[in-house]
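Written below as structure tokens is the structure these notes are about.
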Amino acid sequence: MNQLITVTVAEAHFEGEHSRSFRLVPESASPLPAFEAGAHIDVYIPEGFIRQYSLANDPRERDSYLICVKREEKSRGGSAYLYDYLKVGDRLRISPPRNHFQLQEAAEYLLIGGGIGITPLLAMAETLDHQKKPFVLHYYTSSEDFSVFMARLRKGFSSGQIFIHYSSQGDSLRHNLPAELLRYSPDTQLYHCGPQSFMEKIATEAQKYGWKADHIHSEAFSAVIALGDANEESFEVELVSTQKVITVTPTQSIAEALDEAGIEISLACEEGVCGACLVGLISGQGDHRDFVQSDEEKASNKEIALCCSRSRSKRLVIDL
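Using the working numbering, the first residue of the sequence shown is number 13, and each one after it goes up by one.
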């Protein structure tokens, strides 16, 4: 497991209604680990929660990380604690950055963000601007009062165009698809991030207009995952290092079965969106239910998310 990093909150700002941004600086004199646009970190919250937040700042910055926290109405404690109580001078433990949402090489880029989903796209815009690569960024939000990082977006980018859409003014994704989405080009990569329904809409429309699967990239912040229930079947998991075999019952996740057997694993979101529990899959056919891997990666059957996936075969052999 990666060693955790202690950081201090250097800045805290309200970003419209219900969101706050936090700039985190290292407690030690060493620079923070490098990251690429699209990366996120695990934040270990004093109340005992672990939550994932995308890094929104320019990846060239090694002296700080910038995250934005939306206070969810149905918060299980993570976002509520950070929004309500975190202040300048407080210390947090975080993981090194992980990235399942990297920029692929292309001539042009189309970035579409919904709500808080703008955060990883902002880091992408910073990177593309530095590289002088053309891009278009569409930001869909309910109103200016609920928008985040507006000062940075208004400043603009020399290599990119910014379009902001307010649903309160009738300019929602349902009524106004980005013009760039309606004309697929093999030279353009599409990145979108936001609520699950928002991303499903983007993906559906992109496919309708001819976008190829390997040109469409998304990242989920949260998701409803299908865990085991009474209609599932038991299966076995074998650890390649020890040949130990563990049975996963119909109502257990693989992670729960491993934990019950005393096997230590890396676990964070437990929702299939962060990738912390991805391990190598040596043999067997996984039933991949995570939101981290692409369809191609799931089809390759090389890794499996322990928190939410199950098995289509009687036994999985995993790289533990």
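Here a beta-carbon is modelled for each residue, glycine too, at the ideal position from N, C-alpha and C. Quick caveat: nothing in here was measured; it's all calculated off a predicted structure.
If distances are taken between C-alpha atoms only, which option among T200, V37, R324 comes closest to D226?
T200
So, do the segment 106-121 and the segment 151-168 have three or more beta carbon pairs nearer to each other than 8 Å?
no
Rounded C-alpha distance that separates K82 from T254
43 Å
Contact check, I258 vs V252, beta carbons under 8 Å
no
Looking at the structure shown, is Y77 part of a helix, part of a strand, or coil, going by DSSP?
strand
Using a Cβ-Cβ distance cut-off of 8 Å, determine whether S76 contacts chain D.
In the structure shown, chain D does not exist; there is a single protein chain.
For L16 versus R105, is the C-beta distance shorter than 8 Å?
yes
Between L332 and V291, is the Cβ-Cβ spacing less than 8 Å?
yes
Could you tell me whether the segment 201-211 touches the segment 167-178, where touching means 3 or more Cβ pairs closer than 8 Å?
no
Mind listing, in chain order, the continuous alpha helix (DSSP H) runs of no fewer than 4 residues lying wholly within the segment 113-179?
If only complete runs of 4 or more residues are kept, the segment 113-179 shows the alpha helix (DSSP H) at 130-142, 162-167, in order along the chain.
Report the start-end ranges of each beta strand (DSSP E) in the segment 37-75 that is 3 residues or longer and not cut off at the edges.
52-57, 61-66
Where L194 and I214 are concerned, what is the direct C-alpha to C-alpha distance, given to the nearest angstrom?
11 Å
Return the residue from the list E120, V329, E84, G284 that minimises the CA-CA distance to V260.
V329
Are R63 and G90 close, meaning C-beta to C-beta below 8 Å?
yes
Would you mind working out which of P58, L44, D70 sits nearest G50, comparing C-alpha positions?
With respect to the C-alpha of G50, the residue from P58, L44, D70 having the closest C-alpha is D70.
Check this for me: beta carbons of L94 and I57, under 8 Å apart or not?
yes
Distance, G28 Cα to F34 Cα:
14 Å
Alpha-carbon spacing of A218 relative to Y203, whole angstroms:
11 Å
Classify G298 as helix, strand or coil using the three-state DSSP reduction.
strand
Which same chain residues, not among the five before or five after F169, have their C-beta less than 6 Å away from its C-beta?
A137, D141
From the DSSP output, in three-state form, read off F303 for me.
coil
Host beta strand (DSSP E) of T18 (start-end):
17-26
Can you grab the Cα-Cα spacing for the pair P38 / G274, in whole Å?
Using only the alpha carbons, I get a separation of about 33 Å.
Bridge partners of C289, per DSSP?
DSSP output for C289 lists no bridge partner at all.
Determine the closest residue to G284 out of K220, G296, R301, P146, with distance taken between C-alpha atoms.
R301
Start-to-end residues for the alpha helix (DSSP H) that takes in L194
That residue, L194, is in no alpha helix (DSSP H); it is neither H nor E in DSSP.
Just the Cα atoms here: how many angstroms apart are V21 and P132?
20 Å
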